[in-house]
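Step one of this worksheet: look at the structure below.
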Amino acid sequence: MKHDDALLHLRGAARYVRDIPVPQGTLHAAPVPSPVAHGKIRRLDASAAAEHEGVIAVFTARDIPGQNQIGNIIPDEPLLAAEDVEYIGQPLALIVADSLEAARAARSLIGLEIESFPPRLDPREAFARGEIIGAPRTFAQGDVDRAWPLCHVVVSGRADSGGQEHVYLETQSALAVPRDDGGVKVYSATQSPTLVQRTIARVLGLAMHQVEVEVPRLGGAFGGKEDQATAWAALAALAAFRLGRPVKLILSRQEDVRWTGKRHPYSSDYKIGLSEDAKILAYEVTFYQNAGASADLSPAILERTLFHTTNSYFIPHVRATAVSCRTHLPPFTAFRGFGGPQAMFVLEAAITRAAAALGIPAAEIQGKNLIRRDDELPYGMRFESDSPARCWDELDRRHDLAACRARIAAFNHDHALTKKGLAVMPVCFGISFTTTYLNQAASLVHVYTDGSVGISTAAVEMGQGVHRKIRRVAARTLGIELDRVRMESTNTTRVANTSPTAASSGADLNGHATRLACLQILESLKQALAAEHGCLVEQIYIDREEVLRGHERMDLSWKQLVSWAYARRIPLSAYASYATPGIHFDKSKEKGRPFAYHGVGTALIEASVDGLRGIPRIDSVKIVHDVGQSLDPAIDRGQIEGGLMQGIGWMTSEELVYSPEGKILSDSLATYKVPDIGATPEVTIAFLEDAQPPAGILGAKTVGEPPLMYGIGAYFAILDALRAFRPDLPLFFHAPLTAEKTFKALG
Ligand code: LUZ
Ligand code: MOS
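414 is the number that the working numbering gives to position 360 of the sequence shown; each next residue is one higher, with no gaps.
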C-alpha cells in the first residue's frame with residue numbers, strides 16, 4: 055500500500071505548517087499559561103517580559119481589536135483570559151520575540167498575581183452544584199418504568215471511562231502572514247479551515263474575506279484539531295495583525311499535552327433489564343460528561359453519546375439522559391468516535407453485569423439482541439440494514455465463537471499462572487454530522503490543457519487517505535488514470551464555508567461533490583463531441599483514457615480530447631456542491647433520521663493476563679467490517695488497524711492523571727502510555743463481502759471512526775481473563791484497565 059505522500063513522509067520531505075519556508079522577518083510566539091486552575095487575575099504585568107532581549111511585544115486580552123471570544127457552539131471561551139482563570143494552561147498573554155527561545159524565556163518575567171479558588175474536577179460534583187453547560191437531554195423510546203416489573207433480571211451500576219490524549223505526531227501549529235490589504239493569511243494545522251477563518255475574523259474585527267486559511271496537510275488530528283487548532287491560529291493572527299509581521303506559533307509536545315483538550319471522561323449510571331431468554335427489555339442510563347472549562351464541542355459530543363446509547367442492539371424500552379458538566383480542566387474536545395465510544399462502554403458494562411447475573415456468556419446476550427432491519431432506534435430512525443447480524447454471523451462462521459470459548463476454557467484449565475479471556479464487540483456508528491447543516495461539501499475541479507487534473511475540496515488530509523479516495527473518485531468518474539489527478543491543499547479562498555474534516559464523512563461528502571464537478575466537465579466534453587460527430591451524448595464514454603462511441607474507439611485519447619476542447623472554448627473547470635439527502639433531526643422531539651447510514655462491524659478480542667506480574671496483553675483481534683465496495687482496501691485496512699489500536703490504548707494503557715489542583719501529571723509520553731508495536735496483537739480483518747448498496751460514495755462505506763470502538767472489547771476480554779483467576783472478583787467498570795489495576799485485582 056502507498057499513501058499519496060508516503061515517499062515524502064519517508065524522506066521527511068512532506069511540508070507541515072512548521073516546515074513552510076517562512077518569510078523574512080518572521081517572529082515567534084509563546085503563550086503564557088495559567089498556573090492556576092480556578093481563580094481571578096489580580097495583576098498581570100508584562101513590562102519586565104517586554105524588556106527581555108529579543109522580545110518585540112507582549113499581548114493580553116486588552117490588545118484584541120475585535121471580540122475576545124473563540125467559543126464555537128457557545129460563546130463561553132476567551133482567546134486570552136481577561137479576569138477569570140478556568141484551567142491550568144489557559145492562555146493569559148502572548149509573548150512575541152525574534153526567536154522562539156527568547157519568547158519562551160521571557161515567560162518567567164511576567165508579573166502575575168492570581169487569587170485562586172479550589173478547582174472542581176469531578177463532573178458529578180459539578181452537576182450537583184448546577185455547573186452544567188446547556189440543559190440535560192433525554193432520548194427515550196417505549197416506557198422503561200413499565201418494563202422493569204416484566205424483567206427476569208434487573209442489574210444496575212456505574213461505569214467510568216477516562217479521557218484520552220490525541221498524540222497526533224504534529225503538535226498544534228500556525229503561521230500567520232499579514233497581507234498588504236490589512237487582512238491576514240494563516241497557515242493552520244486545522245481540521246476546520248472555515249472555523250479558523252471565522253474565529254480570526256471575529257477576534258480581529260475583520261470580514262471573513264480578509265482572512266485566508268491554508269491547510270497544507272496535518273500530521274494526524276483524530277478530532278484534536280477540529281476545534282482546538284483555532285486558539286493557536288487566532289493568537290498567531292492577532293500578533294501578525296498588530297505587528298504587521300509574520301508570526302509563527304508551534305506548541306512543544308509537553309505544552310500541547312498540558313494545555314489542549316482531550317477525549318471527554320464520562321461517569322455514568324446504568325440499569326438494564328432482561329427476559330429469561332436473555333432479551334434486553336429495558337435500559338436506563340445517565341451520562342455525566344466532564345466538559346472541562348468551556349463548551350468547545352461538548353454539546354455536539356454529548357448528543358452523539360445519546361445517539362449511540364444502544365450501539366448495535368435493539369432495546370424496546372430506553373431512557374438515556376446526558377448532561378455536560380463544567381469543570382476546571384482544559385476544555386475536552388472531539389476525539390475519534392465523538393462521544394459514541396463512551397456510550398458503548400457503558401452498555402457493554404451493563405451487558406457484562408447482566409450476563410454474570412444470568413450465568414451466561416455476555417456474547418449470548420449480545421448475539422440475541424442485535425439490531426435488525428426496520429427496528430427503531432431511540433432517536434426515531436428505522437434501521438436500514440442487515441449488517442450487524444451479518445457481520446456477527448460472518449465472524450462466527452470464520453472463527454467459531456463457541457470453539458474459541460472452549461479453547462480458552464481448556465487453556466485456563468491447564469494453566470495456573472496465565473489465564474485468557476475473550477470478548478465480542480459489535481459496533482454500529484451513525485454516519486453524518488449530527489448537526490445536519492454540516493453535511494455539505496464542495497469541490498473545485500480544474501482540468502489543465504495537458505489533461506492533468508487538480509482538485510480542491512474541504513477535505514483536509516491528515517494521514518487518513520482522504521485525498522487518495524477523492525482522487526480515485528475523480529479518476530473513476532472521468533475514466534482516466536489515478537496519476538493524472540492531484541489533490542491541492544485545503545484553502546478557504548478555493549473552497550469556502552468548509553465543514554470540518556470530521557465525523558468519518560470527509561471522503562463521502564467531498565467525494566460526492568468531486569464526482570458532481572467531474573460529471574459537469576464530462577458532460578460539456580461529451581456534448582461538444584456529440585455535436586462534432588453527430589451522435590448522441592449517451593453514446594460517448596471515456597474509459598482508460600480512451601474516448602469510445604458505443605463500443606468503438608474514436609482514436610482520441612483523454613489528452614487529445616482536452617486540447618481539442620480547450621481550442622473550442624469548452625469549460626474545463628467546474629465547481630459543485632453536495633448536501634447529504636434525506637437527513638433531518640428535530641431536537642424538540644429528539645427524533646428524526648440524522649444519519650445517511652451506519653458504519654457496522656464486529657470484533658472478537660482475546661486477552662491474556664500474567665498472574666504473577668499482573669500484566670494484561672491483547673493477544674488477537676479478529677474483525678469483520680462492512681466497508682461496502684471499498685474505494686481503497688489498503689487504506690481501509692490501515693484505518694481499521696489504527697482505530698483498533700487507538701481504542702485498545704484508550705481502554706487499557708492510556709491514563710490521564712491529574713493532581714487535586716487540576717494539574718495534569720501524565721504530561722509526557724513517559725508517563726502517558728500509548729500502545730506501541732510490542733502491544734500490538736495479531737489482527738485479522740475481513741471485509742463483509744457483497745455488502746448491500748450503501749449511501750456512501752460509489753458504493754463505499756466509511757471506516758474513519760467505527761474501528762476505534764472495537765478496542766472497547768479489550769476491557770472486557772481482560773476482565774474475563776481476570777475472572778478466570780478469581781471467579782469471585784467483583785465486576786468493576788473503570789477504564790482504562792491498566793496493568794496497575796489488573797495487578798491489584800489479582801490481589
Ligand atoms: N464533529 C461534529 C464530529 O461536529 N459533529 C459530529 O457529529 C461529529 N461526529 C464525529 C466526529 N466529529
Ligand atoms: Mo472527529 S472526532 O471526526 O474530528
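Built from N, CA and C at the ideal position, the CB exists for glycine as well. These numbers were taken from a predicted model, which means no experiment stands behind them.
For residue 146, the enclosing beta strand (DSSP E) begins and ends at 145-151. Its Cα nearest to that of residue 293, the residue 254 stands out among 724, 310, 279 and 254. When distances are taken from the beta-carbon of residue 376 to the heavy atoms of the ligand LUZ, even the shortest one reaches 7 Å or more. C-alpha of residue 210 to C-alpha of residue 302: approximately 52 Å in a straight line.
Taking 8 Å as the upper bound for CB-CB distance, residue 269 and residue 247 are in contact here, some 5 Å apart. Exposure of residue 782 is indicated by the presence of fewer than 16 other C-beta atoms within 10 angstroms of its C-beta. Remark: the C-beta of residue 703 is outside contact range of the ligand LUZ, defined as less than 7 Å to any heavy atom. Fully contained in the stretch 68-150 are the following beta strand (DSSP E) runs of length 3 or more, in chain order: 81-87, 93-99 and 109-113. Distances between the C-beta of residue 271 and the heavy atoms of the ligand MOS are all 7 Å or more.
Between the alpha carbons of residue 323 and residue 193 lies a gap of roughly 15 Å. The stretch 371-382 makes contact with the stretch 330-349: 3 or more CB pairs, one atom from each, lie closer than 8 Å. The C-beta distance from residue 382 to residue 141 rounds to 5 Å, short enough to fall under 8 Å.
Within the model, the alpha-carbon separation for residue 691 versus residue 739 is close to 7 Å. Following the DSSP letters along the chain, one finds residue 371 inside the beta strand (DSSP E) bounded by residues 371-380.
At the C-beta level, residue 755 and residue 686 stay beyond 8 Å of one another. Judged by beta-carbon spacing, residue 214 lies beyond the 8 Å limit of residue 775, meaning their Cβ atoms are not closer than that value. In this structure, residue 476 sits near residue 660, with a CB-CB distance shorter than 8 Å. Between the alpha carbons of residue 134 and residue 431 lies a gap of roughly 43 Å. In the DSSP assignment, the residues bridged to residue 340 are 323 and 375.
Within the stretch 551-585, no run of alpha helix (DSSP H) reaches 4 residues while sitting entirely inside it. Between the C-alpha atoms of residue 165 and residue 113 there is a straight-line separation of about 14 Å. DSSP, read as helix, strand or coil, puts residue 707 in coil.
Contact annotation, residue 132 with residue 111: C-beta distance approximately 19 Å; criterion of less than 8 Å not satisfied. Out of 422, 282 and 467, the CA that lies nearest to the CA of residue 124 is found in 282. The beta carbons of residue 419 and residue 408 sit closer together than 8 Å. For the options 709, 274 and 185, the alpha carbon positioned closest to that of residue 226 is the one of 274. If you draw a straight line from the Cα of residue 664 to the Cα of residue 167, it is about 51 Å long. Counting the other Cβ atoms within 10 Å of the Cβ of residue 244 gives 16 or more, which makes it buried. When rounded, the separation of the alpha-carbon atoms in residue 66 and residue 59 is 10 Å. Residue 770 carries a helical assignment under DSSP once its states are collapsed to helix, strand and coil. Proximity to the ligand MOS was defined by a C-beta distance below 7 Å to any of its heavy atoms, and the residues meeting it, in sequence along the chain, are 245, 275, 276, 277, 280, 388, 389, 390, 391, 392, 554, 556, 557, 558, 758 and 759.
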